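Read top to bottom, the protein sequences are chains B and X.
Each number in my numbering comes from the position in the first sequence (counting from 1) with 105 added on.
Each number in my numbering comes from the position in the second sequence (counting from 1) with 105 added on.
Number of protein chains: 2
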Amino acid sequence: MLQASEVEIFREFIRKRGLRYTPERETILREIFKIHDHFDVDELYLRLRNQGYRISKATIYRTLPLLIECGLVQEVYHEDGHMHYEHIYGHEPHAHFRCLSCRRVEEFRDERLEEVAREFQEKHGVQIKMVRYELLGYCAACRKEE
Amino acid sequence: MLQASEVEIFREFIRKRGLRYTPERETILREIFKIHDHFDVDELYLRLRNQGYRISKATIYRTLPLLIECGLVQEVYHEDGHMHYEHIYGHEPHAHFRCLSCRRVEEFRDERLEEVAREFQEKHGVQIKMVRYELLGYCAACRKEE
DNA sequence: TCCTTATTGAAAATTTGTTTCAATGACTTA
DNA sequence: TAAGTCATTGAAACAAATTTTCAATAAGGA
Chain B
106 MLQASEVEIF
116 REFIRKRGLR
126 YTPERETILR
136 EIFKIHDHFD
146 VDELYLRLRN
156 QGYRISKATI
166 YRTLPLLIEC
176 GLVQEVYHED
186 GHMHYEHIYG
196 HEPHAHFRCL
206 SCRRVEEFRD
216 ERLEEVAREF
226 QEKHGVQIKM
236 VRYELLGYCA
246 ACRKEE
Chain X
106 MLQASEVEIF
116 REFIRKRGLR
126 YTPERETILR
136 EIFKIHDHFD
146 VDELYLRLRN
156 QGYRISKATI
166 YRTLPLLIEC
176 GLVQEVYHED
186 GHMHYEHIYG
196 HEPHAHFRCL
206 SCRRVEEFRD
216 ERLEEVAREF
226 QEKHGVQIKM
236 VRYELLGYCA
246 ACRKEE
C-alpha cells in the first residue's frame, strides 16, 4: 500500500476536524517538510517570505499546533527563549543530544527508548503520542577546551 | 559519611565560584526544596511572598540557573508558555509522562534510560549532565472520555 | 452561485524572561 | 572590628515570543 504523503494526512486531519484546508496551511506544511533540520518560527517565516509567500507569523503560530496534533511535527526543545521544531513524519523516532556549550545538537537512535514507552503504555493504560529523550551535556570538542 | 544537605552543596558551589551567598539565594533554595512537585517561577514567587519574603522575580530568575548548574534543580518541561522545574537532589533520576488532555504529570523510573545515556556518553566521548525522558499522550481517564 | 462561518493579516495585547542602574550588603583585608 | 570592594538586589524598563482582537476574505456546503 502506498504511504500517504504528509499533505494527504494533513488534509484528512483538517477535514475530519471540520476545519478548512487553506493554501496558507498547505504552504507552511510543505515548507516545513523541505527543512531537514530543526527550525523555529522565525526561520520558517523568513524562508516563506524569501520565496514570496506573505504568510503572517500569527498564521504560523496557529498552524503549528495543528501539525503537532496530527503527528507531522514535533516540538524538539526550548532554547534561547523560544521553541524549536522538526517534522517527524517518515523519520524513525530518534533522540537528541545537546551540547550546553556550543549548542550543537546530535540525533541518535536507540530502540530501548521506544521499548520503555511501549511498556509504560501497556502497564498504565495510557496512549503515548510522543516520546522525547534528550541528553544535555558537553560534547567532546567542548570538553577539551576546558 | 553524612550526606551533604542541599544548602551546603549550594553554599559550596557559590563560594567556589567566587559569588556571594545571600539570604535571598538561600531562601529560594529552601523554598524550592519544600515543594514536592513541579513548580514554575510564578508559583515560587507567590509562595515566598505569602510567607512574607519580598524577593523579586528578577532574583528568582537569576538564581534558578545557578541551582540548575550545581545540579540541585532541573528544568522539567516547557508548557503554557513557560518553564517548569523540580528539585532533583536526593531523588532518583526519573522520567515523566504528561497527559496532553488533563495535563497530569506522572513520574516513573526505568534504568534503561540511564543506560542509554551512559552508553552514548562512552561511545561519543561527551559528558552527560542531564537526562530527560518525556512521554506525551493521553492518560487512562482521558482516553475513556473520548 | 450563495451563504455561513473559519481563517487570515496586522496590530495590539499579554506573558516570559532579561537588562539596567542606583542602593545595599557580603566578604576580604588590614 | 572597621573599611573598602564589588557582587547582588529590587524596581522598572526592555526585549522577545506568543496570543488575541477584529475587520476583511475565502473555503466548503447547500
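Yeah, the Cβ is synthetic: ideal placement off N, Cα and C, and Gly gets one too.
These numbers come from a predicted model, not from an experiment.
For a Cβ distance threshold of 7 angstroms, nothing in chain X lies close to Cys175 (chain B): the least Cβ distance comes to about 13 angstroms. For the region 201-225 of chain X, the residues whose beta carbon sits under 9 angstroms from a beta carbon of chain B are, in order, Phe202, Cys204, Leu205, Glu211, Phe213, Asp215, Arg217, Leu218, Glu220, Val221, Ala222, Glu224 and Phe225.
Taking the Cα of Cys204 (chain B) as reference, the smallest distance to any Cα among X:Glu136, X:Ile165, X:His183 and X:Lys234 is reached at X:Lys234. At least one CB atom of chain X sits nearer than 8 angstroms to the CB of Arg237 (chain B). Proximity of chain B to Ala245 (chain X) at the Cβ level (cut-off 9 angstroms) is accounted for by His229, Gly230, Val231 and Gln232, in chain order. A straight line joining the alpha-carbon of Leu218 (chain B) with that of Phe202 (chain B) spans about 14 angstroms. Among the residues of chain B, those whose CB is under 9 angstroms from the CB of Leu240 (chain X) are Val221, Ala222, Phe225, Gln226, Val231, Ile233, Lys234, Met235, Val236 and Arg237, following chain order. For Val210 (chain B), the pairing in a beta bridge is given by DSSP as B:Arg203. Exclusion of the five residues before and after Phe213 (chain X) leaves Ala200 as the residues of its chain whose Cβ lies within less than 6 angstroms of its Cβ.
Membership of Ile119 (chain X) in any beta strand (DSSP E) is not indicated; the residue belongs instead to the alpha helix (DSSP H) covering Glu111 to Lys121. For Arg248 (chain B), the nearest CB of chain X lies under 8 angstroms from its own CB, placing it at the interface with that chain. One alpha carbon belongs to Tyr150 (chain B), the other to Ser110 (chain X), and they sit about 48 angstroms apart. In this structure, DSSP gives Glu197 (chain B) a state outside helix and strand, which the three-state scheme calls coil.
Against chain B, the beta carbon of His183 (chain X) has neighbours under 9 angstroms at Glu180, Tyr182, His183 and Met188, listed in chain order. When the beta-carbon positions are compared, Val231 (chain X) and Tyr166 (chain B) stay at least 8 angstroms from each other. Beta-bridge partners assigned by DSSP to Val181 (chain B): none are found. Excluding the 5 residues flanking it on each side, Ile160 (chain X) has same chain C-beta neighbours closer than 6 angstroms at Glu129 and Leu153, in chain order.
DSSP places His192 (chain X) in the uninterrupted beta strand (DSSP E) bounded by His187 to His192.
Relative to the Cα of Arg208 (chain X), the nearest Cα in the group X:Thr168, X:Thr132 and X:His143 belongs to X:His143.
Per DSSP, reduced to three states, the secondary structure at Lys234 (chain X) is strand. By the criterion of a C-beta distance shorter than 8 angstroms, Thr168 (chain B) is surrounded in its chain by Glu129, Arg130, Ile133 and Leu134, once the five residues flanking it on both sides are discounted.
In this chain, Arg159 (chain B) is not harboured by any alpha helix (DSSP H), its DSSP state being neither H nor E.
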